[in-house]
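Worksheet: one structure, shown below.
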Amino acid sequence: MPKTSAGLLVYRYRDGALQVFLVHPGGPFWARKDDGAWSIPKGEFEPGEDPLAAAKREFTEETGFTVAGDFTPLSPIKQPSGKVVHAWATQGDCDPALLRSNTFTLKGKTFPEVDRGEWFGLEEAQQKILPGQAGLLDQIRRLLT
228 MPKTSAGLLV YRYRDGALQV FLVHPGGPFW ARKDDGAWSI PKGEFEPGED
278 PLAAAKREFT EETGFTVAGD FTPLSPIKQP SGKVVHAWAT QGDCDPALLR
328 SNTFTLKGKT FPEVDRGEWF GLEEAQQKIL PGQAGLLDQI RRLLT
(Lines of atoms letter the chains of each structure in order from A and count residues from 1; the text may use other names and numbers.)
(Lines give C-alpha, C1' and ligand atoms only; values in the text may rest on other atoms or scores of the structure.)
Protein backbone atom coordinates (compact mmCIF):
# COMPACT_ATOMS: atom_id res chain seq x y z
CA MET A 1 0.00 0.00 0.00
CA PRO A 2 1.48 3.40 -0.97
CA LYS A 3 2.26 6.01 1.66
CA THR A 4 -0.28 8.80 1.91
CA SER A 5 0.07 12.45 2.83
CA ALA A 6 -2.46 15.17 3.41
CA GLY A 7 -1.94 18.89 3.02
CA LEU A 8 -3.44 22.29 2.44
CA LEU A 9 -2.99 24.50 -0.59
CA VAL A 10 -3.69 27.90 0.95
CA TYR A 11 -4.39 30.76 -1.43
CA ARG A 12 -5.09 34.47 -1.28
CA TYR A 13 -5.59 37.39 -3.66
CA ARG A 14 -3.19 40.36 -3.72
CA ASP A 15 -3.79 43.26 -6.09
CA GLY A 16 -6.24 41.04 -7.97
CA ALA A 17 -3.71 38.25 -8.49
CA LEU A 18 -4.02 34.73 -7.12
CA GLN A 19 -1.16 33.64 -4.84
CA VAL A 20 -0.46 30.29 -3.17
CA PHE A 21 1.52 29.59 0.00
CA LEU A 22 4.36 27.09 -0.36
CA VAL A 23 7.01 25.92 2.08
CA HIS A 24 10.66 25.02 1.62
CA PRO A 25 11.90 21.86 3.35
CA GLY A 26 14.58 22.23 6.01
CA GLY A 27 17.73 20.20 6.47
CA PRO A 28 21.01 19.86 4.65
CA PHE A 29 19.68 17.98 1.60
CA TRP A 30 17.41 20.88 0.60
CA ALA A 31 19.60 23.78 1.77
CA ARG A 32 20.83 24.79 -1.70
CA LYS A 33 17.79 23.71 -3.71
CA ASP A 34 15.13 26.18 -4.76
CA ASP A 35 13.30 25.65 -8.06
CA GLY A 36 11.47 22.34 -7.92
CA ALA A 37 11.97 21.98 -4.15
CA TRP A 38 8.98 23.76 -2.57
CA SER A 39 5.84 21.98 -1.40
CA ILE A 40 2.42 22.50 0.04
CA PRO A 41 2.53 22.04 3.83
CA LYS A 42 1.67 18.35 4.23
CA GLY A 43 2.48 15.18 6.09
CA GLU A 44 1.72 11.50 6.32
CA PHE A 45 -1.40 10.17 7.96
CA GLU A 46 -2.36 6.76 9.26
CA PRO A 47 -5.04 4.43 7.89
CA GLY A 48 -8.34 5.30 9.51
CA GLU A 49 -7.23 8.87 10.28
CA ASP A 50 -9.35 11.64 8.77
CA PRO A 51 -7.20 13.08 5.95
CA LEU A 52 -8.57 16.64 6.28
CA ALA A 53 -7.87 16.64 10.03
CA ALA A 54 -4.35 15.40 9.25
CA ALA A 55 -3.89 18.14 6.64
CA LYS A 56 -4.87 20.83 9.15
CA ARG A 57 -2.59 19.32 11.82
CA GLU A 58 0.36 19.11 9.43
CA PHE A 59 -0.16 22.68 8.26
CA THR A 60 0.04 23.89 11.85
CA GLU A 61 3.02 21.67 12.71
CA GLU A 62 5.01 22.84 9.69
CA THR A 63 4.12 26.53 9.83
CA GLY A 64 2.79 27.41 13.29
CA PHE A 65 -0.32 28.85 11.59
CA THR A 66 -3.92 27.68 11.70
CA VAL A 67 -6.44 27.99 8.89
CA ALA A 68 -10.21 28.04 9.21
CA GLY A 69 -12.95 28.29 6.64
CA ASP A 70 -14.07 26.25 3.67
CA PHE A 71 -11.85 23.42 2.45
CA THR A 72 -12.34 22.35 -1.17
CA PRO A 73 -11.02 18.85 -1.88
CA LEU A 74 -8.63 18.56 -4.80
CA SER A 75 -8.09 15.31 -6.67
CA PRO A 76 -5.34 13.23 -5.04
CA ILE A 77 -2.05 13.19 -6.92
CA LYS A 78 0.57 10.46 -7.08
CA GLN A 79 4.15 11.67 -6.74
CA PRO A 80 7.03 9.91 -8.54
CA SER A 81 7.92 8.19 -5.23
CA GLY A 82 4.50 6.53 -5.31
CA LYS A 83 3.22 8.58 -2.37
CA VAL A 84 -0.37 9.72 -2.80
CA VAL A 85 -1.06 13.30 -1.69
CA HIS A 86 -4.57 14.33 -0.65
CA ALA A 87 -4.99 18.11 -0.65
CA TRP A 88 -7.58 20.75 0.04
CA ALA A 89 -7.67 24.31 -1.25
CA THR A 90 -8.60 26.97 1.28
CA GLN A 91 -8.40 30.74 1.33
CA GLY A 92 -6.27 32.22 4.08
CA ASP A 93 -3.42 34.53 4.89
CA CYS A 94 -0.29 34.44 7.00
CA ASP A 95 2.98 36.29 7.35
CA PRO A 96 5.85 34.04 6.24
CA ALA A 97 8.23 35.94 8.54
CA LEU A 98 6.32 34.47 11.50
CA LEU A 99 6.59 30.83 10.35
CA ARG A 100 7.56 28.40 13.13
CA SER A 101 8.10 24.76 12.17
CA ASN A 102 8.47 21.57 14.12
CA THR A 103 11.94 20.00 13.97
CA PHE A 104 13.72 16.73 13.19
CA THR A 105 17.12 15.40 14.17
CA LEU A 106 19.69 14.12 11.68
CA LYS A 107 23.17 12.95 12.68
CA GLY A 108 22.82 14.62 16.07
CA LYS A 109 21.78 18.00 14.64
CA THR A 110 18.31 19.53 14.84
CA PHE A 111 16.71 21.11 11.77
CA PRO A 112 13.32 22.69 11.12
CA GLU A 113 11.08 20.48 9.00
CA VAL A 114 10.28 23.64 7.02
CA ASP A 115 12.88 26.42 6.91
CA ARG A 116 10.71 29.08 5.24
CA GLY A 117 7.43 29.79 3.53
CA GLU A 118 6.49 32.23 0.82
CA TRP A 119 3.57 33.45 -1.25
CA PHE A 120 3.94 32.93 -5.00
CA GLY A 121 1.89 33.83 -8.04
CA LEU A 122 0.85 30.73 -9.99
CA GLU A 123 3.52 31.10 -12.68
CA GLU A 124 6.37 31.36 -10.18
CA ALA A 125 4.82 28.66 -7.99
CA GLN A 126 4.89 26.34 -11.01
CA GLN A 127 8.69 26.75 -11.10
CA LYS A 128 9.16 26.43 -7.34
CA ILE A 129 6.93 23.46 -6.49
CA LEU A 130 8.11 19.85 -6.55
CA PRO A 131 7.28 18.48 -10.01
CA GLY A 132 5.16 15.74 -8.45
CA GLN A 133 2.88 18.35 -6.87
CA ALA A 134 2.50 20.60 -9.92
CA GLY A 135 -0.87 18.98 -10.65
CA LEU A 136 -2.25 20.66 -7.53
CA LEU A 137 -1.49 24.07 -9.05
CA ASP A 138 -3.24 23.03 -12.26
CA GLN A 139 -6.29 22.11 -10.21
CA ILE A 140 -6.41 25.37 -8.27
CA ARG A 141 -5.96 27.31 -11.50
CA ARG A 142 -9.00 25.56 -12.99
CA LEU A 143 -10.95 26.03 -9.76
CA LEU A 144 -10.29 29.72 -9.22
CA THR A 145 -9.44 31.36 -12.53
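In case it helps, the numbering used here puts the sequence shown at residues 228 to 372. Every residue, glycine too, gets a C-beta built ideally from N, C-alpha and C.
With 16 or more other Cβ atoms inside 10 Å of its own Cβ, P252 counts as buried. In the DSSP annotation of this structure, R369 is not part of any beta strand (DSSP E); the continuous alpha helix (DSSP H) holding it starts and ends at 361-371.
Assigned with DSSP and collapsed to three states, Q306 falls in coil, not helix or strand. The three-state secondary structure of P255, taken from DSSP, is coil. Taking the Cα of T372 as reference, the smallest distance to any Cα among R327, A233, I356, E350 is reached at E350. Annotated three-state conformation of K334 is coil, per DSSP. Collapsing the DSSP output to three states places E276 in coil.
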